[in-house]
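Novice: According to the numbering used here, the sequence shown is numbered sequentially starting from 152. By construction, the Cβ of each residue, glycine as well, lies at the ideal position given by its N, Cα and C atoms.
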Amino acid sequence: MSQTAIDTRVIPKPTGIKRTMYEDGDTWDIIKVILLADTKLGNFMCEFASQFEKSYAGLYEIWHFVHKNIRYVADRPGLEKVKDPRQTWKDGYGDCKSFSLFLASILRCLKIKYKYRFVSYGRNAEPTHVYVVATINNQEVILDSVHDKFDEEVDYSKKWDRMTKIVYIQGLPMIATRKAIPSVRQRIADGPRQQAAKRELIPAGLTEGALTLELLWDHINILKAYYGDSDGLLQQAQNIIFGARRGHFHYDNTLPTGYIDPRLNDLIKQTQRAAQNTRISGTNHRIGTLEYTRPKSYPKNCNEIYTPEIKRLQNELFQLHQKELQKGGGLKGEEYKRYLELNKYIADVKNDFNECQLANEFAELLAKRIDGSAHHVLYEFIEDANSQPNVVSTKSTLHKIAISNLAQLSHVDRANVNLMVKNGIMRTNTGLKLPNGIGIFPADAIAVLKAAGAQGYNGPGIHEPISITVAAVTKLVIALISAISAFSAFMQAMNQQKKIQFQSSLAGIATPEFSADPNDWLLNGSGSGNDSSSITQYLPWVLGGAAALIFLPDLINSKK
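(1) Can you tell me whether T239 is buried or exposed? The criterion is at least 16 other CB atoms within 10 Å of its CB, across all chains shown.
(2) Buried or exposed: S524, going by 16 or more other Cβ atoms within 10 Å of its Cβ?
(3) Using DSSP's beta-bridge definition, name the partner residues of V281.
(4) I'd like to know if the stretch 256–263 and the stretch 199–219 are in contact, where contact means that at least 3 CB-CB pairs between them fall below 8 angstroms.
(5) To the nearest angstrom, how far is the alpha carbon of I635 from that of A355?
(6) Would you say D671 and V543 are within 7 angstroms of each other, going by their C-beta atoms?
(7) Indicate the three-state DSSP secondary structure (helix, strand or coil) for Y457 in the structure shown.
(8) Does L441 come out as helix, strand or coil in the three-state DSSP assignment?
(9) In terms of DSSP beta bridges, what is W311 paired with?
(10) Count the other CB atoms within 10 Å of the CB of E460; is the residue buried (16 or more) or exposed (fewer)?
(11) For a quick check, are the C-beta atoms of Q652 and L560 less than 7 angstroms apart?
(12) Three or more C-beta pairs closer than 8 angstroms, one from the stretch 363–372 and one from the stretch 569–580: is that the case here?
(13) To the nearest angstrom, report how far apart M660 and A553 are at their CA atoms.
(14) Compare the Cα-Cα distances from R222 to each of G243, L517, H472 and P663 and report the closest residue.
(15) Could you say which of F216, E277, N511 and K300 lies nearest to K310 if we only look at CA atoms?
(16) Would you kindly work out how many angstroms separate the C-alpha atoms of I182 and I632, rounded to a whole number?
(17) Taking the beta strand (DSSP E) that L294 belongs to, which residues open and close that run?
(18) What is the rounded straight-line gap between the Cα of T358 and the Cα of V284?
(19) Is it buried or exposed, T440, if we count other Cβ atoms within 10 angstroms and call 16 or more buried?
(20) Among the candidates C507, K478, E291 and Q202, whose CA atom is the shortest distance from the CA of K649?
(21) Using CA atoms only, rank isn't needed, just tell me which of Q477, L352, F250 and Q345 is closest to H218.
(22) Under the rule that 16 or more other beta-carbon atoms within 10 Å means buried, what is S666, buried or exposed?
(23) Could you pull out every residue in the same chain whose Cβ sits closer than 6 angstroms to the Cβ of I533, ignoring the five residues on either side in sequence?
(24) Only counting the same chain, and skipping five residues up and downstream in sequence, which positions put a Cβ closer than 7 angstroms to that of A630?
(25) With H, G and I counted as helix, E and B as strand and the rest as coil, what does DSSP make of T239?
(26) Could you compute how far the alpha carbon of S555 sits from the alpha carbon of F638?
(27) Along the chain, where does the alpha helix (DSSP H) containing K650 start, and where does it finish?
(28) Rounded to a whole number of angstroms, what is the C-alpha to C-alpha distance between R350 and G588?
(29) Using only alpha-carbon positions, find the residue among C197, A388, E467 and V305 that is nearest to I162.
(30) Go through its chain and collect everything with a Cβ distance to L490's Cβ below 8 angstroms, but skip five positions before and after it.
(31) Can you have a look at N390 and say buried or exposed, based on whether 16 or more other CB atoms are within 10 angstroms of its CB?
(32) When the distance is taken between beta carbons, is C453 closer than 7 angstroms to F786?
(33) Return the CA-CA distance between V224 and V528, expressed in angstroms with no decimal places.
(34) Tell me whether the beta-carbon of Y377 lies closer than 7 angstroms to the beta-carbon of T581.
(35) Rounded to whole angstroms, what's the CA-CA distance from V500 to Q654? Just pull it up for me.
(36) Please classify A348 as buried or exposed, where buried requires at least 16 other C-beta atoms within 10 Å of its C-beta.
Spelled out as structure tokens, the structure:
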């Protein structure tokens with residue numbers, strides 16, 4: 152039966168009556184209310200239910216209707232809503248409790264036997280999720296519309312089945328399905344929510360590809376610690392990275408068939424690209440008859456820049472210099488020309504040696520300090536900055552310039568600095584104990600700030616795809632304030648020369664005005680409109696520094 156044939160006009164309007172069942176209820180009280188609500192379902196959904204078949208295919212249509220037409224929105228902490236199916240339809244959103252009652256109301260009308268399955272994951276001692284299990288031909292059919300797949304369930308640590316008093320009706324035999332793989336929403340709700348330990352990572356001496364592999368390894372560790380890995384998907388991704396580290400990687404390697412977050416797809420593509428990057432060629436330029444190749448990736452031991460050939464040329468320059476002193480009148484002809492070439496050549500080598508030391512020092516400092524500082528450049532991850540409020544757009548440009556500066560001064564390629572910052576934001580977010588339903592990616596943090604600004608701090612955004620709570624905003628603001636201080640300390644620890652270079656186009660960095668802020672997103676506030684008074688604070692930072700002209704091409708051409 153086609154979903155387009157379903158008439159939703161026959162779903163009755165809700166009564167509007169609200170009852171508080173428990174002022175201080177626990178998980179088991181919530182279960183009692185759900186089961187009580189089931190007994191009150193009656194037959195008000197039966198006209199709507201009559202449009203579905205009493206078959207396995209019909210169960211799919213029921214599951215698909217709820218999954219497609221009712222948005223998942225978690226209840227805010229401290230308030231658990233058990234909603235009548237009519238209210239759920241009117242709202243257009245609900246959580247696993249609402250989904251389950253809506254499904255059950257249809258099954259009850261069709262006289263299909265069903266039960267509620269309350270489950271816990273990991274170390275949780277109490278249920279954290281509920282869905283409906285229907286029975287056809289003595290086989291269970293999983294109806295969990297929170298998940299992205301029909302008739303599949305995630306491996307749980309405990310379950311509590313609660314039966315209903317519905318007459319059993321025979322139906323079509325169950326079709327075998329694959330093992331369930333959790334959706335992003337389920338990973339958020341049911342993961343261990345731990346913070347991965349930060350390991351020491353020294354970029355010096357690593358090629359771009361090798362550094363990318365190490366950063367991707369850390370990236371997956373952050374995901375595993377927070378979201379868990381019940382299906383082994385993340386471990387398989389790490390196995391690919393492990394093979395790439397050892398050179399046992401083929402470009403066509405892919406993950407096994409199954410659900411995969413698009414962000415994880417991108418991660419695997421990065422792994423593929425990084426694994427091929429085993430050697431990095433430097434920049435060639437000619438000095439007379441000599442060709443000098445500047446290293447693109449500095450060695451961990453900068454003395455390695457002085458290769459045997461360079462040492463030979465250095466000795467030749469010394470001999471010519473001694474000869475010049477002995478003659479008194481200086482070198483002439485070809486000897487003088489050779490002397491000038493060698494002098495310029497060795498000067499370039501010395502410059503690279505000095506830059507190697509400073510860059511390695513800066514790169515090590517970056518790797519150590521970026522985690523706590525990362526939120527300060529959060530708007531690096533805004534992709535559509537031009538369509539955002541002026542303050543957001545301008546700050547986004549500044550944050551992207553900051554990332555480019557860090558990349559140039561550390562001689563770490565920009566994509567890897569971006570990944571360092573992303574890992575830092577994610578690791579910090581895992582330690583914030585964000586409310587259920589809030590993700591840890593930079594885009595999730597930006598969404599929280601945007602929703603908070605749009606609401607003017609008037610409470611949770613119940614019309615958002617994922618609930619935005621005051622608690623989430625508060626925690627992120629604390630992280631942003633902490634990042635300002637951490638970035639200031641990061642700058643104080645920089646070599647003075649590097650610090651001056653870093654700040655050349657970023658006046659005002661490490662201040663609250665530079666940082667992301669919920670007020671940036673106020674619909675009618677200082678963050679919006681061409682006549683915004685706040686925009687005048689930031690424009691000089693973008694337009695006033697000549698260094699911005701150097702970095703803007705990098706911003707335009709770089710892959711975010």
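Specialist: Short version:
(1) Residue 239 sits at position 88 when you count from the first residue of the sequence shown. Buried is the call here.
(2) Looking up residue 524 in the sequence shown gives position 373. S524 should be labelled buried.
(3) Here residue 281 corresponds to residue number 130 of the sequence shown, with the count starting at 1. Looking at the DSSP assignment, V281 forms a beta bridge with F269.
(4) yes
(5) What you label residue 635 is simply residue 484 of the sequence shown in a count that begins at 1. What you label residue 355 is simply residue 204 of the sequence shown in a count that begins at 1. Their Cα atoms are separated by approximately 26 angstroms.
(6) Residue 671 sits at position 520 when you count from the first residue of the sequence shown. Residue 543 sits at position 392 when you count from the first residue of the sequence shown. Contact flag set, yes.
(7) Taking the sequence shown and counting its residues from 1, the one referred to as residue 457 is at position 306. Y457 falls in the coil class under three-state DSSP.
(8) In the sequence shown, counting from the first residue as 1, residue 441 sits at position 290. DSSP places L441 in strand when its eight states are reduced to three.
(9) The residue you call residue 311 lines up with position 160 of the sequence shown. DSSP, once it has assigned bridges, lists F269 as partnering W311.
(10) By 1-based counting over the sequence shown, the position of residue 460 is 309. Classification of E460: exposed, given that the 10 Å Cβ count is below 16.
(11) In the sequence shown, residue 652 corresponds to position 501, counting from 1. In the sequence shown, residue 560 corresponds to position 409, counting from 1. A contact, by the Cβ cut-off of 7 angstroms.
(12) The stretch 363–372 is in contact with the stretch 569–580.
(13) For this step, residue 660 is matched to residue 509 along the sequence shown. For this step, residue 553 is matched to residue 402 along the sequence shown. Looking at the sequence provided, one finds Ile at residue 660 rather than Met. Those two C-alpha atoms are separated by around 9 angstroms.
(14) Stepping through the sequence shown from its first residue, residue 222 is reached at position 71. Answer by Cα proximity: G243.
(15) Within the sequence shown, residue 310 is the residue found at index 159, counting from 1. Among F216, E277, N511 and K300, the Cα nearest to that of K310 belongs to E277.
(16) The residue given as residue 182 occupies position 31 in the sequence shown. The residue given as residue 632 occupies position 481 in the sequence shown. So the alpha carbons of these two residues sit roughly 40 angstroms apart.
(17) As a position in the sequence shown, residue 294 is number 143, starting the count at 1. First-last of the beta strand (DSSP E) with L294: Q290 to L294.
(18) Here the question's residue 358 lines up with position 207 in the sequence shown. Here the question's residue 284 lines up with position 133 in the sequence shown. Between T358 and V284, the C-alpha separation is close to 52 angstroms.
(19) As a working mapping, residue 440 is identified with position 289 in the sequence shown. Under this definition T440 is an exposed residue.
(20) Position 498 of the sequence shown, counting from 1, holds the residue named residue 649. Taking only the C-alpha atoms, the option nearest K649 is C507.
(21) Numbered from its first residue, the sequence shown carries residue 218 at position 67. Per the Cα distances, F250.
(22) In the sequence shown, residue 666 corresponds to position 515, counting from 1. Burial call: buried.
(23) Within the sequence shown, numbered from 1, the residue matching residue 533 stands at position 382. Excluding sequence positions up to five before and after I533, its CB lies within less than 6 angstroms of the CB of S547, all in the same chain and listed in chain order.
(24) The sequence position of residue 630 within the sequence shown is 479, counting from 1. Correct list, in chain order: H526, T579 and L583.
(25) Position 88 of the sequence shown, counting from 1, holds the residue named residue 239. T239: helix per DSSP, three-state reduction.
(26) For the purposes of this step, residue 555 is identified with residue 404 of the sequence shown, where counting begins at 1. For the purposes of this step, residue 638 is identified with residue 487 of the sequence shown, where counting begins at 1. S555 and F638 have their alpha carbons spaced roughly 16 angstroms apart.
(27) Within the sequence shown, numbered from 1, the residue matching residue 650 stands at position 499. Counting along the chain, the alpha helix (DSSP H) containing K650 begins and ends at Q647 to Q654.
(28) For the purposes of this step, residue 350 is taken as residue 199 along the sequence shown, with counting starting at 1. For the purposes of this step, residue 588 is taken as residue 437 along the sequence shown, with counting starting at 1. Cα to Cα, the separation comes out at about 28 angstroms.
(29) Stepping through the sequence shown from its first residue, residue 162 is reached at position 11. It is C197 whose Cα lies nearest to the Cα of I162.
(30) As a working mapping, residue 490 is identified with position 339 in the sequence shown. The question names Leu, but residue 490 is Tyr in the sequence shown. Cβ within range, chain order: L468, L471, H472, E475 and L482.
(31) Position 239 of the sequence shown, counting from 1, holds the residue named residue 390. Burial call: exposed.
(32) Residue 786 lies beyond the residue range present for the chain, which begins at 152 and ends at 711; the question has no answer from this structure.
(33) The sequence position of residue 224 within the sequence shown is 73, counting from 1. The sequence position of residue 528 within the sequence shown is 377, counting from 1. The alpha-carbon atoms of V224 and V528 are separated by roughly 29 angstroms.
(34) Residue numbering aside, residue 377 sits at position 226 when the sequence shown is read from its first letter. Residue numbering aside, residue 581 sits at position 430 when the sequence shown is read from its first letter. Yes, these two residues count as a Cβ contact at 7 angstroms.
(35) For the purposes of this step, residue 500 is taken as the residue at position 349 of the sequence shown. For the purposes of this step, residue 654 is taken as the residue at position 503 of the sequence shown. When rounded, the distance between both Cα atoms is 27 angstroms.
(36) As a position in the sequence shown, residue 348 is number 197, starting the count at 1. A348 is exposed by the Cβ-count criterion.
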